[in-house]
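Sequential numbering from 65 applies to the sequence shown in the working numbering.
C-beta: ideal position from N, C-alpha, C; glycine also.
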Amino acid sequence: ALEPEFTSLHERLDALVKLNEAAMFRADSRAARLSARLSYEFAFGLGLLLVLGAALSWGLGWTLAKPLREVAERLRGVSQRKGYLRLGPQKLAELDAVAREFNLLMERLEEFDKLNVQRLLYEKAKTEAIIESLEDGVVLIDPDGRLAYINEIAAIILGLEPKEALGEPFDDLSSNHPHYLRVRAVLRSLIKAPQPQAQRLEIELRERGREHSYILRFVPLHHPEGGSLGMMLILQDVTFVRDQHRAR
């Protein structure tokens, strides 16, 4: 009488085990699917974060690089004497602070440059006034042999027109004036010397129907750190002194 009940119980237990196994299998399958879905979602989220991070990095880099390139261009313009340009407002507070300091620096450099230019112009005007007040002829020749300056006395003596002669090679001026040709010949002989030094020569130039005596001084100009700055030619009229000596 117990055997049928035992068989029935055994069958129920087997059914229960199978039901449990089926439930565990379904749970494991759902867990696997959930795990795969989470893996895909994580991978997608990570990829999205990487893309966003790259985009943000590129945007931040571009935001930083643009004003820095602008600063570099402004500095390059200053070095090339293109003016003292300013930077506009920047989006980032740090870069805006840099832009303000840069603009302040440009203002100071511009003021300093103006002061230097004004001082140079003043010194140039003062020097020209002093030279023009001299009774001697003064000619300045730059290192390339071009006429850089000539005062009125020298222009009259050599028969030159300053506006036409300035900037032209002194050795090849379009002038046939005998005084210029004579002085040019003397300079050529002095320049051909092995080591040209400051020299003093006396030459005779005919003016207003009579001979005039001039002391011709040839003075090479040198930079304190080496190198030539050109030469200075001084024409000093000593006719009166020579006449006094002859009278004695």
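Give the single residue among the options whose Cα lies nearest to the Cα of residue i.
| i | options | result |
| --- | --- | --- |
| Ser277 | Val283, Leu285, Glu266 | Glu266 |
| Val305 | Glu289, Ala218, Ile279, His286 | Ile279 |
| Val247 | Ser238, Asp236, Leu222, Ala229 | Leu222 |
| His241 | Gly231, Ile220, Leu230 | Ile220 |
| Gly231 | His243, Asp208, Ser239 | Asp208 |
| Glu134 | Leu116, Glu174, Asn167, Gly117 | Asn167 |
| Asp200 | Tyr244, Glu85, Gln308, Gln300 | Gln300 |
| Leu254 | Ser239, Val283, Leu237, Tyr244 | Val283 |
| Leu132 | Gly152, Leu110, Leu245, Leu114 | Gly152 |
| Arg281 | Gly290, Glu289, Met295 | Met295 |
| Arg140 | Asp160, Met170, Leu112, Gly123 | Met170 |
| Glu275 | Val302, Gly290, Tyr186 | Val302 |
Could you tell me if residue i is buried or exposed, where buried requires 16 or more neighbouring beta carbons within 10 angstroms of its beta carbon?
| i | result |
| --- | --- |
| Ile194 | exposed |
| Ala229 | buried |
| Ala163 | buried |
| Phe106 | exposed |
| His74 | exposed |
| Leu224 | buried |
| Met88 | exposed |
| Gly203 | Here residue 203 turns out to be Val, not Gly, going by the sequence shown. Val203 should be labelled buried. |
| His309 | exposed |
| His243 | buried |
Write down the C-beta distance between residue i and residue j rounded to the nearest angstrom, noting that I regard them as a contact closer than 8 Å.
| i | j | result |
| --- | --- | --- |
| Leu297 | Ile205 | 7 Å |
| Arg337 | Phe234 | Coverage of the chain is limited to positions 65 through 312, which leaves residue 337 absent and any answer about it impossible. |
Provide the residue span of the beta strand (DSSP E) that contains residue i, from first to last.
| i | result |
| --- | --- |
| Pro288 | Neither: Pro288 is in no beta strand (DSSP E) and is coded neither H nor E. |
| Val302 | That residue, Val302, is in no beta strand (DSSP E); it is neither H nor E in DSSP. |
| Leu237 | Taken as a continuous stretch (DSSP letters only), Leu237 belongs to no beta strand (DSSP E), as it is neither H nor E. |
| Gly201 | 201 to 205 |
What span of residues does the alpha helix (DSSP H) with residue i cover, start to end?
| i | result |
| --- | --- |
| Leu222 | 216 to 222 |
| Glu228 | 226 to 229 |
Inspect the CB distances between the stretch 211 to 228 and the stretch 183 to 198 and report whether three or more fall short of 8 Å.
-> Output reads yes: the stretch 183 to 198 touches the stretch 211 to 228.
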